[in-house]
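J.: So for the sequence shown, the working numbering puts the first residue at 2; every next one is plus one.
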Amino acid sequence: MAVEVRSQSAFATAQRRFDAAADVIGLSEDQRLLLREIKRELVVHFPVKLDNGRVRVFTGYRVHHNISRGPAKGGLRYQAGLNLDTVRALAMLMTWKCSVVSLPYGGAKGGVDVDPRALSTNELEHMTRRFATEIALLIGPERDIPAPDLGTDAQTMAWIMDTISMHSGHSVTASVTGKPVDVGGSEGRHEAAGRGVTYLTLEALKYLHIEDETPTVAVQGFGKVGSATARLLTEAGLRVVAVSDSKGAVHNPKGLDLEALEEHRQVRGGVSGFKKAEDIDNQDLLGLPVTVLVPAATENQITEANADRVRARLITEAANAALSPEADRLLNDRGVFLVPDILANSGGVIASYFEWVQDLQAFFWEEEEVNTKLHHIITRAFYDVLHTSVNKRVDMRTAAYVIAVQRVANATTVRGIYP
Ligand code: GLU
Numbered sequence: 002m003a004v005e006v007r008s009q010s011a012f013a014t015a016q017r018r019f020d021a022a023a024d025v026i027g028l029s030e031d032q033r034l035l036l037r038e039i040k041r042e043l044v045v046h047f048p049v050k051l052d053n054g055r056v057r058v059f060t061g062y063r064v065h066h067n068i069s070r071g072p073a074k075g076g077l078r079y080q081a082g083l084n085l086d087t088v089r090a091l092a093m094l095m096t097w098k099c100s101v102v103s104l105p106y107g108g109a110k111g112g113v114d115v116d117p118r119a120l121s122t123n124e125l126e127h128m129t130r131r132f133a134t135e136i137a138l139l140i141g142p143e144r145d146i147p148a149p150d151l152g153t154d155a156q157t158m159a160w161i162m163d164t165i166s167m168h169s170g171h172s173v174t175a176s177v178t179g180k181p182v183d184v185g186g187s188e189g190r191h192e193a194a195g196r197g198v199t200y201l202t203l204e205a206l207k208y209l210h211i212e213d214e215t216p217t218v219a220v221q222g223f224g225k226v227g228s229a230t231a232r233l234l235t236e237a238g239l240r241v242v243a244v245s246d247s248k249g250a251v252h253n254p255k256g257l258d259l260e261a262l263e264e265h266r267q268v269r270g271g272v273s274g275f276k277k278a279e280d281i282d283n284q285d286l287l288g289l290p291v292t293v294l295v296p297a298a299t300e301n302q303i304t305e306a307n308a309d310r311v312r313a314r315l316i317t318e319a320a321n322a323a324l325s326p327e328a329d330r331l332l333n334d335r336g337v338f339l340v341p342d343i344l345a346n347s348g349g350v351i352a353s354y355f356e357w358v359q360d361l362q363a364f365f366w367e368e369e370e371v372n373t374k375l376h377h378i379i380t381r382a383f384y385d386v387l388h389t390s391v392n393k394r395v396d397m398r399t400a401a402y403v404i405a406v407q408r409v410a411n412a413t414t415v416r417g418i419y420p
């Protein structure tokens with residue numbers, strides 16, 4: 002069918018992935034036209050007074066891709082160069098992510114074009130509060146619930162929750178997730194994405210009958226998700242031999258001392274130069290002969306330019322859109338098993354869902370309950386995707402999309418088109 006193709010962009014790539022699933026499902030043309038577009042997008046330009054007395058104007062975004070299955074859900078990121086195209090792509094991914102793990106949410110994303118490290122804490126707070134005010138017309142427990150993403154954290158969410166609450170005249174804790182536990186956050190939310198990556202990696206190793214005595218792991222990106230994953234996989238008995246950050250990578254075939262590495266990073270501001278390992282090139286990390294590769298950094302890290310270097314048997318795609326469609330094809334042809342992003346990193350939004358439910362009920366759970374429920378939901382989704390992949394003879398990414406897109410299409414059909 003003829004559909005408008007935007008220039009090769011992050012959103013065009015997201016649409017390509019959607020189209021592939023729509024073909025497998027045999028989705029009607031009307032459904033395709035609806036689901037491959039964005040529902041609404043808000044772009045804001047807003048001033049913030051800096052510490053030096055000058056004013057700087059920032060650009061921010063909040064995009065809802067689809068809200069057929071419930072309120073819009075998704076993170077806010079602070080990233081230099083962030084643009085509408087990227088936010089659109091990530092909002093669409095959130096729709097499929099919430100759907101594939103059966104959360105009653107639609108998909109959203111947002112953020113500000115800013116390098117948060119270049120601002121003081123005071124400036125960051127003012128920028129966050131003003132940005133929250135600018136997008137407040139979309140936010141609320143029944144409408145749109147933001148969460149942390151790249152460059153934002155629990156403190157950012159506390160400021161946003163407080164700002165929304167000040168406007169409402171009472172505390173609206175369920176308007177944001179990923180908050181500190183003291184203000185309605187959930188136990189276990191902080192490392193839930195890494196925990197989900199860990200559960201799925203272990204499940205995939207079991208399914209693949211990988212019988213390495215101690216499976217080895219390389220983790221690209223040592224941020225919130227990457228560092229939690231490295232620690233939890235080590236606790237589960239795997240050997241993490243390499244990690245990287247934006248400035249460099251370190252490798253020790255005998256396994257990394259993660260606690261010492263974390264201390265080193267706090268002091269040195271990066272993993273490079275760690276005494277108990279060898280410095281290697283970021284690209285070399287991707288080519289290490291490990292059992293599992295976990296790209297947990299950012300988008301487009303494994304592409305046709307470097308996919309042939311990958312020697313891992315399993316990739317758990319912890320970062321959104323870490324693999325390009327070309328890399329997918331090359332790796333799939335070589336039999337590398339992929340746990341795709343919308344499933345792999347869904348632990349974060351699953352725990353966000355738990356946080357929202359707890360806030361709405363004002364009744365809080367212990368961490369063990371959070372982790373048990375997370376394990377249940379994410380493992381069930383893994384086998385749903387696996388069965389679809391085997392039954393429909395499609396790769397794991399397409400299978401995840403098939404399930405996710407079908408559920409959203411069903412919601413659209415039963416709701417009908419208004420008016
Ligand atoms: N930013 C995370 C993601 O990309 C979490 C979103 C959420 O918890 O709403 O999945």
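We put the beta carbon where it would ideally sit given N, CA and C, even for glycine.
Within the same chain, show all residues whose beta-carbon is closer than 6 Å to that of glycine 185, passing over the 5 residues directly before and after it, in chain order.
T.: So the list reads Thr174, Asp360, once near-sequence residues are dropped.
J.: Kindly provide the ranges of any alpha helix (DSSP H) runs that are 4 or more residues long and lie completely inside the stretch 275 to 335, ordered along the chain.
T.: DSSP runs (the alpha helix (DSSP H)) wholly in the stretch 275 to 335: 283 to 287, 326 to 334.
J.: From the DSSP output, which residues share a beta bridge with threonine 60?
T.: Threonine 60 is bridged to His46.
J.: Can you name the residues that DSSP bridges to histidine 66?
T.: Histidine 66 pairs with nothing; no bridge assigned.
J.: Locate the beta strand (DSSP E) running through valine 182, then write down its first and last residues.
T.: Per DSSP, valine 182 belongs to no beta strand (DSSP E) and is neither H nor E.
J.: Any heavy atom of the ligand GLU closer than 7 Å to the Cβ of threonine 178?
T.: Yes, the ligand GLU has a heavy atom inside 7 Å of this Cβ.
J.: Under a Cβ-count criterion, where at least 16 other Cβ atoms within 10 Å of its own Cβ denotes burial, should serine 8 be classed as buried or exposed?
T.: Residue placement at serine 8 is poorly supported in this model, since its pLDDT is 44, which falls under 50; the coordinates still yield a value, given next. Per the 10 Å Cβ criterion, exposed.
J.: So if DSSP puts lysine 74 in a beta bridge, which residue, or which two residues, is it bridged to?
T.: According to DSSP, which records beta bridges pairwise, lysine 74 is partnered with Gly108, Ile146.
J.: Counting only the same chain and skipping the five closest in sequence on each side, list residues whose C-beta sits under 6 Å from that of serine 100.
T.: Counting only Cβ-Cβ distances below 6 Å, and skipping sequence neighbours, we find Ala405, Arg408, Val409.
J.: Near tyrosine 354, what residues of its chain come up, given a Cβ to Cβ distance below 6 Å and the 5 sequence neighbours on each side ignored?
T.: Once the five neighbours on either side are set aside, the close Cβ partners of tyrosine 354 are Leu104.
J.: List, from N- to C-terminal side, the beta strand (DSSP E) runs of 3 residues or more that fit wholly inside the stretch 208 to 278.
T.: List check, beta strand (DSSP E) in window: 217 to 221, 240 to 246, 249 to 252.
J.: Tell me the residue span of the beta strand (DSSP E) that contains leucine 339.
T.: It spans 338 to 340 - the beta strand (DSSP E) in which leucine 339 sits, taken as one unbroken run.
J.: Looking at the structure shown, is tyrosine 79 part of a helix, part of a strand, or coil, going by DSSP?
T.: Tyrosine 79: strand per DSSP, three-state reduction.
J.: Just to check, is the beta-carbon of proline 181 closer than 7 Å to a non-hydrogen atom of the ligand GLU?
T.: No, the beta carbon of proline 181 sits no closer than 7 Å to any heavy atom of the ligand GLU.
J.: Inspect the CB distances between the stretch 116 to 130 and the stretch 379 to 386 and report whether three or more fall short of 8 Å.
T.: Judged by Cβ distances under 8 Å, the stretch 116 to 130 makes no contact with the stretch 379 to 386, as fewer than three pairs qualify.
J.: What is the C-beta distance between valine 272 and glycine 256, in whole angstroms, given that I count them as a contact (C-beta under 8 Å)?
T.: Actually they are not in contact, since the Cβ atoms of valine 272 and glycine 256 sit about 15 Å apart, beyond 8 Å.
J.: Identify whether glutamate 5 lies in helix, strand or coil by the three-state DSSP scheme.
T.: Low per-residue confidence applies at glutamate 5: pLDDT is 42, beneath 50, and the placement is therefore not dependable, though the value from the model is reported in the following sentence. It is coil, neither helix nor strand.
J.: Kindly examine the ligand GLU and report whether one of its heavy atoms sits closer than 7 Å to the Cβ of serine 187.
T.: Result no, Cβ not under 7 Å from the ligand GLU.
J.: Could you check what DSSP says for glutamine 16 in three-state terms: helix, strand or coil?
T.: Looking at glutamine 16 - three-state DSSP - the assignment turns out to be helix.
J.: Confirm, please, whether the CB-CB distance from valine 295 to valine 391 is below 8 Å.
T.: No.
J.: With DSSP as the reference, identify every bridge partner of serine 113, one or two as the case may be.
T.: Note that residue 113 is valine in the sequence shown here, rather than serine. The partner list for valine 113 (beta bridge, DSSP) reads Gly61, Tyr79.
J.: With a cut-off of 8 Å, do at least 3 Cβ pairs link the stretch 187 to 207 to the stretch 222 to 231?
T.: Taking 8 Å as the limit for Cβ pairs, the verdict is that the stretch 222 to 231 does touch the stretch 187 to 207.
J.: Is the beta carbon of glutamine 80 less than 8 Å from the beta carbon of glycine 112?
T.: Yes, they are a contact pair.
J.: Identify every residue that forms a DSSP beta bridge with glycine 141.
T.: Per DSSP, Asp145.
J.: For serine 353, is the beta carbon positioned less than 7 Å from some heavy atom of the ligand GLU?
T.: Yes - the ligand GLU has a heavy atom lying nearer than 7 Å to the Cβ of serine 353.
J.: According to DSSP, is arginine 37 part of a helix, a strand, or is it coil?
T.: Arginine 37: coil per DSSP, three-state reduction.
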